[in-house]
Structures are given as structure tokens and as C-alpha cells.
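*Asks:* 921 is the number of the first residue of the sequence shown in this note's numbering; add one for each residue after it. Have a look at this one.
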Amino acid sequence: MSSKQASFLDSVHRNFDKAADLLDYPSGLISQIRACNAIYEMNFPVKIGKKYEVIKAFRVQHSQHRLPTKGGIRFSSMVNKDEVQALAALMTFKCAIVDVPFGGAKGGVAISPRKYDAEALEKITRRYTMELIRKNFIGPSSDVPAPDYGTGSREMAWILDTYTTFKNGSEIDAVGCVTGKPLNQNGIRGRTEATGRGVFYGLREVLNDEAEMKRVGLEPGMEGKTLAIQGLGNVGSYAGSICSKEGGALIVAVSEIEGTIYDPKGIDIDKLVKYRKAKKSIVGFPGTKKLDVREDWVKIDCDVLVPAALESQIHKKNAKSVKAKVIAEAANGPVTADAEAILLKKGVIIIPDMYINAGGVTVSYFEWLKNLSHMRFGRMDKRFNQNAFGNLVDLIERNTGKKVSNRDKSIIVRGADEVDLVRSGLEETMINSFHQIKDVYKRKRKVQDYRTAAFICAIDKVANDYMTMGVFP
Ligand code: NAD
């Protein structure tokens, strides 16, 4: 295990302890909330071509105080038990912060997905799912995986098919065993963009806070703010695209495995995604310059850094060179505890992962609810609302003798589609949760950063569950 990976779990524990020390719960209760409830480590054989490979994988259920537990599945050669435990713990606190009534979990398969073709990946995914079924580590009421680094809707569809095949029609809610599924496989509109869109809503709230912006010497609002993004995958690409299209932000730099590109006039993220798909690289994108050192994206003179790749990217050695005033932790654990101490001293606002990237689990929760209700959101009321708004406009026209233009009518006279409802639910969640965190940050004298405030919100909610459950006094 590399020291980087070890420090991720250590960082989560150090941050948790910092918040728990400010609270007045019995130490036994705090220990229970901190500990991982169940860890399943497995090694299984898969025939790839003519050879057999033994694949190492994990599923960790960090907290079963609420069921099902929930958390993504990561495919990465760097997966190890500590990392999965850290990610599972973050899921518990993340769910609590955004009021998603689940415990936290995480899965990891220690493979580099780039080394396998689709057929081999399907075999590995299906076998991993079988292992989870055998130990009751998957199911709509026990543990519900989702995509994470290295996985997407394709893998979720394989998991669903394996699970439903195994259950053979005996479970009416079986399709709720996994979220992040393709739309035609019981997925939900708006899930793919959800984490990136949540980053947009959360960052917008922080940037609109006049007092905080004054403290760091920025004008309030997202319009015109410069952003540097690491990782042009699911989270980074949607966060960048939505922040620029809906928030008016300027994406001045993007860092990917193949290098970091820079353009002070702003990079069109949608075009860059297409370019990378075609050329297999972001380097050479028209109008941009490549930095000599890929890691120097951290040092770019911009307002906001958006790490959206992997953990421990901003660490003790590079934290001093950060010029940005705000860091939005779109990835899980991108800032180590050592780096955080340096950055907070410099006055940098760190918007913690467990809040800012919670859009994915929020919309996963909506998908799970949709699966349990066996009906698309909006099906019952879309036409009813459309007719009601139409009647209202007719009434206004009759009483005023004036016509509402067709353009205005098309905006007013409509019922909400599923994607409208999902986005509205996500926006509401991100705004509400930010204000809960901000309240603790502003109200509690000893809380001087958003991460500690977020941990306090989460620990309070989980502790409250344990205490009302009757296990603790
Ligand atoms: P992804 O696999 O779609 O994208 C990650 C991107 O990062 C890839 O394009 C990869 O090439 C790039 N990358 C890897 N190492 C890099 C490096 N050293 N420098 C620059 N780029 C690098 O993964 P994702 O789903 O976007 O997840 C990214 C992060 O967000 C992870 O930490 C994940 O845990 C977290 N997250 C994801 C979701 C979700 O819904 N997908 C939800 C919450 C949190």
C-alpha cells in the first residue's frame, strides 16, 4: 500500500475526530459511528482469454444504522481495503448530510479497466456481483451499489441483469438493487449528470455568499469566475460544462492523464469532451497550451480548483503553491489532512467532498424510489399541471383582454418532466444542505472550516438515529 493511499483513510479519521471532539456524545457512540460495520474481501477467478486471473475485490458496509447501505463500485488498480473503507465512511456522512436515508458503503475491484476489453470487464463484473449475492451484500433493501471511478451505466446494467437472473422473478423490487443504470434498464433521467450538476449548485451557493467572498477577496457570484478542473470523466466534464453554460464560469484549465491544457479565454468543455473521444487526448485542443508538468494544474492562477479525479491530489508538498481562493472537492478525498491545514491557514475555502459531490447519491436515491414505485416521476401530474396552467392563462387573457404570446405560453403552460423534477429535487437538496452546514460554520465558535461543520451535521444525524434506536442512551 502506498503512503498516499494510507493517508486517505487517515485523513478521513483525522477529520472525523476533529469534529467529534467538539461534540458531547458518549465515546462509545462516537466509536461506533467511526467504525466500519462489515468488510467483505474476496478473491475470485475469472478466465480471460486462455488464462485464469485471480481478482481481488471488496465491499464495505460502513454503517448499517439505516438500510439499505449505498455506495459506488470503483474499478482501479489502486483499490485496497483502506481506500474502500475510507470511501464507505464518507458515504455514511454524505448520505446524512443530504438527508438520503441510507447507510454508507463502497465497493472496489482491484483492476485497471483500461487493460481489459468489454467482454472481460463483463465477466469480472458479473462474477463480482455473484460474490455479493452469495454474502447478501447486494439487494434493494440491504446494499445498493452505483457507479464510481472506472465504472458507469454499462457495468450497472450487467449488475442488474446478474442480480435479476439470480433472483428469477422472486423479488418484486429487484431492479432497485443498483442505481446509475441506463435509462432503458430502469434508470432515471438526470443521473449521469447528477454529481457534476450537484457540484454546480453547491459551488454557486458558496460563491453567492457575500461575507465569505469578501473574506477571500472575490466578488460574489459564479459569473466570470475562473476554474481549473482535474479529471474530464463523468464528474469533471458535467461540472465544467454546467458551471460554464448555466453559471457563466470560465474553465481556464483541464488536467487529464495525458497532460494539462490551459487557455485564459476559457475552454469549451463539451467540445473538449468530443475532441478527447476522437483523439484519445486533450492535448492539442485548439487554442490551448500544454503545461510542462501535468501536476502544475494545482498552481494555476484562478479562482476555483475543481479536483474531479482521485484522492490525495492536493497534498503537503503542493498545497503551498495553490493560488485559488476556493477548492470544490468534486472527487472523494482530493485534499489530504496535511494539505488542508496549510490551505486553511492561507484562508482558502474548501468545500468538502461529502457535501459538494453528493449530487450522485441524491439522484441515486430518486432512482431507487422510482424503482420501488415502479413508475416514472411526473407520469401522474404532468398533464394535470399543464392543463391547470393553461386554464389560468385563458382566464388572464379573458379578464384582461390581452393575449399572452406563444413564446411566453410555452414557458408557462407545461407540466414537469422527470428530468425537471430530478433537477429541482437535486437543487433543493444541495441548497438546503449547504445552509445546514453554513449554520454550524457560522454558529459554532470553534468550527472554522466547512469540512468540520459538515462532519458535525452528519455525526449529529447518525448519533440521533442510534440514540432513538435504543442501543445508546
Ligand atoms: P471517471 O472514471 O468517469 O473519471 C475520472 C477521470 O480522471 C478520468 O477521465 C481519468 O482519466 C482522470 N484521471 C485519473 N487520474 C488522473 C490524474 N492523475 N490527473 C488527471 N486526470 C486523471 O470517474 P468519476 O465517476 O468522474 O469520478 C471521479 C471522482 O469523483 C472519484 O473520486 C469518485 O469517487 C468521485 N465521485 C464520483 C461520483 C459519480 O457519480 N460518478 C459521485 C461522487 C463522487
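For every residue, glycine included, the Cβ atom is placed at its ideal position computed from N, Cα and C.
For Gly-1168 and Gly-1144, which I take to be in contact (beta-carbon distance under 8 angstroms), what is that distance rounded to the nearest angstrom?
*Replies:* Between Gly-1144 and Gly-1168 the Cβ distance is about 6 angstroms, and since that is below 8 angstroms, they are a contact.
*Asks:* My output table needs one value for Met-1389: the three-state DSSP class, helix, strand or coil.
*Replies:* Of the three classes helix, strand and coil, the one that applies to Met-1389 here is helix, per DSSP.
*Asks:* Roughly how many angstroms lie between the CA atoms of Glu-1338 and Ile-1108, to the nearest whole one?
*Replies:* Taking the straight line joining both Cα atoms gives about 8 angstroms.
*Asks:* Using the rule of at least 16 other Cβ atoms within 10 Å of the residue's Cβ for burial, across every protein chain shown, is Gly-948 buried or exposed?
*Replies:* Its Cβ having fewer than 16 others within 10 Å, Gly-948 is exposed.
*Asks:* Can you determine whether any heavy atom of ligand 1 sits closer than 7 angstroms to the C-beta of Pro-1065, and answer yes or no?
*Replies:* Answer for Pro-1065: no, Cβ out of range of ligand 1.
*Asks:* With a 10 Å radius around its C-beta and 16 neighbouring C-beta atoms as the bar for buried, classify Ile-1162 as buried or exposed.
*Replies:* Buried, because 16 or more other Cβ atoms sit within 10 Å of the Cβ of Ile-1162.
*Asks:* Going by alpha carbons, who is nearest to Leu-987 out of Gly-1059, Ile-1044, Ile-1053, Phe-995?
*Replies:* Per the Cα distances, Gly-1059.
*Asks:* In whole angstroms, what is the alpha-carbon distance linking Ile-1053 and Gln-1005?
*Replies:* Cα-Cα distance, rounded: 20 angstroms.
*Asks:* Is His-982 closer than 8 angstroms to Ala-1008 when the C-beta atoms are compared?
*Replies:* Yes, they are a contact pair.
*Asks:* Let's see if you can read the secondary structure: which residues bound the beta strand (DSSP E) around Ile-959?
*Replies:* Its beta strand (DSSP E) spans residues 958-968.
*Asks:* Take Ile-1044 as the anchor and find which of Ala-1025, Leu-1103, Gly-1345, Ile-975 has the nearest alpha-carbon.
*Replies:* When each option's Cα is compared against that of Ile-1044, the closest is Ile-975.
*Asks:* Measure the Cβ-Cβ separation of Ala-1383 and Ile-1017 and say whether it is below 8 angstroms.
*Replies:* No, these two residues do not count as a Cβ contact at 8 angstroms.
*Asks:* Return the bridge partner residues of Ser-1175 from the DSSP annotation.
*Replies:* Note: Ser-1175 sits in a beta bridge opposite Gln-1150, Thr-1180.
*Asks:* Hey, quick one: how far does the beta strand (DSSP E) through Asp-1328 stretch, first residue to last?
*Replies:* Careful: Asp-1328 lies outside any beta strand (DSSP E), inside the alpha helix (DSSP H) at 1326-1332.
*Asks:* Just the C-alpha distance for Ile-1351 and Ala-1374, rounded to the nearest angstrom, thanks.
*Replies:* Roughly 14 angstroms between the two C-alpha positions.
*Asks:* Taking only three categories from DSSP, how would you classify Pro-1021?
*Replies:* Three-state DSSP puts Pro-1021 in coil, outside helix and strand.
*Asks:* At 4 residues or longer, and completely inside the segment 1221-1281: list those alpha helix (DSSP H) runs for me, N to C.
*Replies:* Whole alpha helix (DSSP H) segments, 4+ residues: 1257-1265, 1273-1276.
*Asks:* Should Gly-1070 go down as buried or exposed, given a rule of 16 or more other Cβ atoms within 10 Å for buried?
*Replies:* It counts as buried.
*Asks:* Just to confirm my understanding: we take Tyr-1397, look at its own chain, exclude 5 residues before and 5 after, and list those with CB closer than 8 angstroms. What are they?
*Replies:* A question about residue 1397 goes unanswered here, because the residues of the chain that appear run from 921 up to 1393.
*Asks:* By the DSSP assignment, the alpha helix (DSSP H) with Lys-1302 in it spans what residues?
*Replies:* Where Lys-1302 is concerned, the enclosing alpha helix (DSSP H) stretches over 1302-1320.
*Asks:* CB of Glu-1287 to nearest heavy atom of ligand 1: below 7 angstroms?
*Replies:* Flag unset: Cβ of Glu-1287 not near ligand 1.
*Asks:* Tell me which residue opens and which closes the beta strand (DSSP E) that Tyr-972 is part of.
*Replies:* Run containing Tyr-972: 971-981, per the beta strand (DSSP E) assignment.
*Asks:* Measure the C-alpha to C-alpha separation of Asp-1380 and Tyr-1370 and round it to an integer number of angstroms.
*Replies:* Cα to Cα, the separation comes out at about 15 angstroms.
*Asks:* Which partner residues does Ile-993 have in the DSSP bridge list?
*Replies:* Gly-1027, Pro-1067.
*Asks:* What residue range does the alpha helix (DSSP H) around Thr-1045 cover?
*Replies:* Where Thr-1045 is concerned, the enclosing alpha helix (DSSP H) stretches over 1038-1054.
*Asks:* Just mark Ile-1332 as buried or exposed, buried being the case when its beta carbon has 16 or more other beta carbons within 10 Å.
*Replies:* It is exposed - the Cβ of Ile-1332 has fewer than 16 other Cβ atoms within 10 Å.
*Asks:* Have a look at Tyr-1285, Gln-1233, Glu-1091, Glu-1348 and flag the residue whose alpha-carbon is nearest the alpha-carbon of Ser-931.
*Replies:* Selected option, being the one with the closest Cα: Gln-1233.
*Asks:* Confirm the yes/no value for this check: CB of Thr-1115, any heavy atom of ligand 1, distance under 7 angstroms.
*Replies:* Yes, ligand 1 has a heavy atom inside 7 angstroms of this Cβ.
*Asks:* Between Pro-1140 and Ala-955, what straight-line distance do the alpha-carbon atoms span, to the nearest angstrom?
*Replies:* Cα to Cα, the separation comes out at about 40 angstroms.
*Asks:* Assign Gly-1100 to one of two classes, buried (16 or more other C-beta atoms within 10 Å of its C-beta) or exposed (fewer than that).
*Replies:* Flag for Gly-1100 reads buried.
*Asks:* The alpha helix (DSSP H) that contains Gly-948, what's its start and end?
*Replies:* 947-954 is the extent of the alpha helix (DSSP H) around Gly-948.
*Asks:* Given Ser-927, which residues of its chain have a CB within under 7 angstroms of its CB, disregarding the five upstream and five downstream residues?
*Replies:* If we look at Ser-927 and ignore the five residues flanking it on each side, its Cβ neighbours are Ser-1232, Thr-1256.
*Asks:* Within the chosen definition, does the segment 1264-1273 reach the segment 1245-1255 through at least 3 CB pairs nearer than 8 angstroms?
*Replies:* Judged by Cβ distances under 8 angstroms, the segment 1264-1273 makes contact with the segment 1245-1255, as three or more pairs qualify.
*Asks:* Going by DSSP, what residue range makes up the alpha helix (DSSP H) through Lys-1356?
*Replies:* The question names Lys, but residue 1356 is Gln in the sequence shown. From DSSP, the alpha helix (DSSP H) with Gln-1356 extends over 1338-1363.
*Asks:* Using a Cβ-Cβ cut-off of 6 angstroms (strictly less than) and excluding sequence neighbours within five positions of Ala-977, which residues of its own chain qualify?
*Replies:* Excluding positions up to five away in sequence, the list reads Met-962, Val-1029, Tyr-1048.
*Asks:* Quick check on the burial criterion: 16 or more other C-beta atoms within 10 angstroms. Buried or exposed for Asp-1223?
*Replies:* Classification of Asp-1223: buried, given that the 10 Å Cβ count is 16 or more.
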